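Worksheet: the structure to be examined is printed underneath.
Protein chains: 2
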Amino acid sequence: MTFKEELAKRSEEVQAVVYAYLPAEEGFQKTLLEAMNYSMTAGGKRLRPLLMQETYRLFGGNGKVVEPFMAAIEMIHTHSLVHDDLPAMDNDEYRRGKKTTHVVYGEAMAILAGDGLLNYAYETACRAFALEPGNPHIGEAMTVLTTKTGVYGMLGGQAVDVQSVGGTLSREKLDFIYRLKTSALIECSMMTGAILAGASEEEIRTIGQVASDVGLAFQIQDDILDVTSTSQELGKPTGSDERNHKTTYVTVEGLDKAKADVAAVSERAVCTLARLPQKNEFLKELIGALVTRRN
Amino acid sequence: MTFKEELAKRSEEVQAVVYAYLPAEEGFQKTLLEAMNYSMTAGGKRLRPLLMQETYRLFGGNGKVVEPFMAAIEMIHTHSLVHDDLPAMDNDEYRRGKKTTHVVYGEAMAILAGDGLLNYAYETACRAFALEPGNPHIGEAMTVLTTKTGVYGMLGGQAVDVQSVGGTLSREKLDFIYRLKTSALIECSMMTGAILAGASEEEIRTIGQVASDVGLAFQIQDDILDVTSTSQELGKPTGSDERNHKTTYVTVEGLDKAKADVAAVSERAVCTLARLPQKNEFLKELIGALVTRRN
Chain S
1 MTFKEELAKR SEEVQAVVYA YLPAEEGFQK TLLEAMNYSM TAGGKRLRPL
51 LMQETYRLFG GNGKVVEPFM AAIEMIHTHS LVHDDLPAMD NDEYRRGKKT
101 THVVYGEAMA ILAGDGLLNY AYETACRAFA LEPGNPHIGE AMTVLTTKTG
151 VYGMLGGQAV DVQSVGGTLS REKLDFIYRL KTSALIECSM MTGAILAGAS
201 EEEIRTIGQV ASDVGLAFQI QDDILDVTST SQELGKPTGS DERNHKTTYV
251 TVEGLDKAKA DVAAVSERAV CTLARLPQKN EFLKELIGAL VTRRN
Chain U
296 MTFKEELAKR SEEVQAVVYA YLPAEEGFQK TLLEAMNYSM TAGGKRLRPL
346 LMQETYRLFG GNGKVVEPFM AAIEMIHTHS LVHDDLPAMD NDEYRRGKKT
396 THVVYGEAMA ILAGDGLLNY AYETACRAFA LEPGNPHIGE AMTVLTTKTG
446 VYGMLGGQAV DVQSVGGTLS REKLDFIYRL KTSALIECSM MTGAILAGAS
496 EEEIRTIGQV ASDVGLAFQI QDDILDVTST SQELGKPTGS DERNHKTTYV
546 TVEGLDKAKA DVAAVSERAV CTLARLPQKN EFLKELIGAL VTRRN
């Protein structure tokens, strides 16, 4: 099987896990549940749960305890997209070629759907306690999940990003935003995978470094694609950073250096991964593929 | 010491616990943290953490493991107020006599501050894992905390409430909203207190019934005060339900029956509580006082 075929197969498996944890659309709060599922089923690469699963396997994990966490990380990611798209935030009407949640369900319901997804993520992750009672790693994984999502992780990065629109950014602040807004959830995915598999502290630290570089490379590649890709390839309008006068890695460093840095940072991630005695060839190829992607 | 003095003293202690868990206002994301703390320090009865602490004590709890959960439930409650007040929701400019978060910090930051509070609640609750490693009740308490907050609890009730504004409500739907929007967090407070103290399943079920009645009585009293109180007493405009054409317990049952029902439901809560062999005189008086309150 080629890597591409393998990726398609595993992504489908990951998506099935995520879908299995979506709430049933019933009861008086049916519209809220529909709005949540609308954004969850609107496509996406399922990259975070995929990275979590492969890291879990890298460290010898072979149970079901990782599955509620895989669903949770995708719900957290989707929560951030739903709220990011709101009129008071980025005011985006399309994502992945589909109308955004507030366009379909109205602003109030989109705010609640985003809240609902964030909360349901933790509700879902809590199912792990019943799957493996007494497993001490679950509390540790919950701690990393909440911390990397919150004000010292993704949400903190988003707040600084929102405040920075229209102004110019120092390289220091840009790095801060990238590290929190994008890398934190990638770190979260890989670290919780490692924790749940029972990896050592040293191994968790190493995989955190890998994830940090993967996140940075991923975000720079996003900036590059916003300049070089077509709207059709991306499923959303390109050139939005320029229109919004956003400081990005490309505006600070130029397109050529950005491309060279993506390659270097992703190479560093692969090298750090190779230092571990455990091997997962698919994970290695996945990291390489992320920075040559076209969408 | 009179009950009123005791209440003031214990509320102050509870507030100190909550404040101890607020994030430091520093770093690039300082404004976000300020916005979160602004709403957290804007007053309030701290009823939920107080009920949690007293229920924890009722079942013999005497550790610190309840404290991060006390802070968490107040953050969750405050999160719901910040998002409820948004222009796309209730569009309220004042709460407890102070300007609401979006009026002070703008809409985008208020959305993120609400998200930040919800997430920080769980981040804070996770600190319990480090306080008492291996305590199996913490995972159980986390499960109740997330479930009662989410789409089958508070957030589900809010969604139905938002969709019902301007229309007429069946008594069945009104009960659903009250049970989820208000009672769920009260149940959550008392049940997690009981769980963390190691109460039995039967005891947790009983305290859940008490809490459900306390929540219902609390909400009906809110409806009564909206009609009978002054704006100065309430710290927010009265008569808002009528202006918003909202179906409430008072519009459905009339003021006299609402008053009688508050008394009956709160009496039932006190009786159920009395069935337990454990006694907490302050908790009993607190439940009685909630339905004679003027704000």
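In order, the protein sequence lines correspond to chains S and U. Note that the numbering used here numbers the first sequence so that position 18 is 18, with each residue one more than the last. Add 295 to a position in the second sequence, counting from 1, and you land on the number used in the numbering used here. For every residue, glycine included, the Cβ atom is placed at its ideal position computed from N, Cα and C. Computed from a prediction, not measured in an experiment: that's the story for all the values here.
Near residue i, what residues of its chain come up, given a Cβ to Cβ distance below 7 Å and the 5 sequence neighbours on each side ignored?
i      : result
S/V227 : V250, L255
S/K98  : A42
S/V210 : M190, A269, T272, L273
U/A436 : F364, T487, I490, L491
Could you compute how far the alpha carbon of residue i sits from the alpha carbon of residue j?
i      : j      : result
S/L317 : S/T149 : Chain S is shown from 1 up to 295; residue 317 of chain S falls before or after that span and cannot be answered.
U/V399 : U/Y333 : 9 Å
S/A194 : S/V82  : 28 Å
S/G139 : U/T477 : 28 Å
S/R171 : U/N357 : 49 Å
S/G288 : S/E67  : 25 Å
S/M70  : S/P49  : 4 Å
U/E562 : U/K552 : 15 Å
U/D508 : S/M109 : 29 Å
U/L606 : U/A303 : Residue coverage of chain U in this structure runs from 296 to 590, which leaves residue 606 of chain U outside it and unanswerable.
U/A311 : U/M335 : 12 Å
U/V460 : U/D385 : 10 Å
U/S526 : U/Y389 : 11 Å
S/L145 : S/R205 : 15 Å
S/D85  : U/E496 : 43 Å
S/Q278 : S/L58  : 6 Å
U/Y473 : U/L520 : 16 Å
U/T442 : U/D410 : 17 Å
U/G503 : U/L480 : 11 Å
S/V151 : S/E26  : 33 Å
According to DSSP, is residue i helix, strand or coil?
i      : result
U/V586 : coil
S/G193 : helix
U/E308 : helix
S/A42  : coil
U/I554 : The residue asked about is misnamed: residue 554 of chain U is Lys in this sequence, not Ile. Residue state, collapsed to three classes: helix.
U/R538 : helix
U/K579 : helix
U/A494 : coil
S/Y21  : coil
S/L50  : helix
U/F364 : helix
S/L276 : coil
S/F59  : coil
U/F323 : coil
U/G434 : helix
S/M1   : coil
S/S229 : coil
S/G254 : coil
S/T238 : coil
Can you say whether residue i is buried or exposed, counting buried as having 16 or more other CB atoms within 10 angstroms of its CB?
i      : result
S/T168 : exposed
U/P318 : buried
U/K299 : exposed
U/G510 : buried
U/T587 : exposed
S/R46  : buried
S/C126 : buried
U/L375 : The sequence shown places Ser at residue 375 of chain U, rather than the Leu named in the question. Looking at its Cβ environment, which holds 16 or more other Cβ atoms inside 10 Å, U/S375 is buried.
U/M296 : exposed
U/K359 : exposed
S/G239 : exposed
S/A113 : buried
S/E203 : buried
S/Y19  : exposed
U/N414 : buried
S/H245 : exposed
S/E54  : buried
U/G429 : exposed
U/E482 : buried
U/A555 : exposed
Could you pull out every residue in the same chain whose Cβ sits closer than 8 Å to the Cβ of residue i, ignoring the five residues on either side in sequence?
i      : result
S/Y56  : V66, G193, A194, L196, A197
U/M347 : V361, F364, M365, I368, S484, M485, T487, G488
Within a Cβ cutoff of 6 Å, which residues of the same chain sit near residue i, ignoring the five residues on either side of it in sequence?
i      : result
S/E132 : V65
S/M36  : A113, G116, L117
S/G157 : I177, L180, K181
* **4-residue-minimum alpha helix (DSSP H) runs that sit fully inside the region 77-137 of chain S, ordered along the chain** => Under the rule that a run must span 4 or more residues, the alpha helix (DSSP H) segments found entirely inside the region 77-137 of chain S read 101-105, 107-125, 127-131.
* Asked: According to a CB-to-CB cut-off of less than 7 Å, which residues of the region 151-176 of chain S neighbour chain B?
  -> The structure shown contains no chain B; its protein chains are S and U.
* Counting only runs that start and end within the region 440-486 of chain U, where is the alpha helix (DSSP H) found for 4 or more residues in a row? -> You should have 449-459, 466-473.
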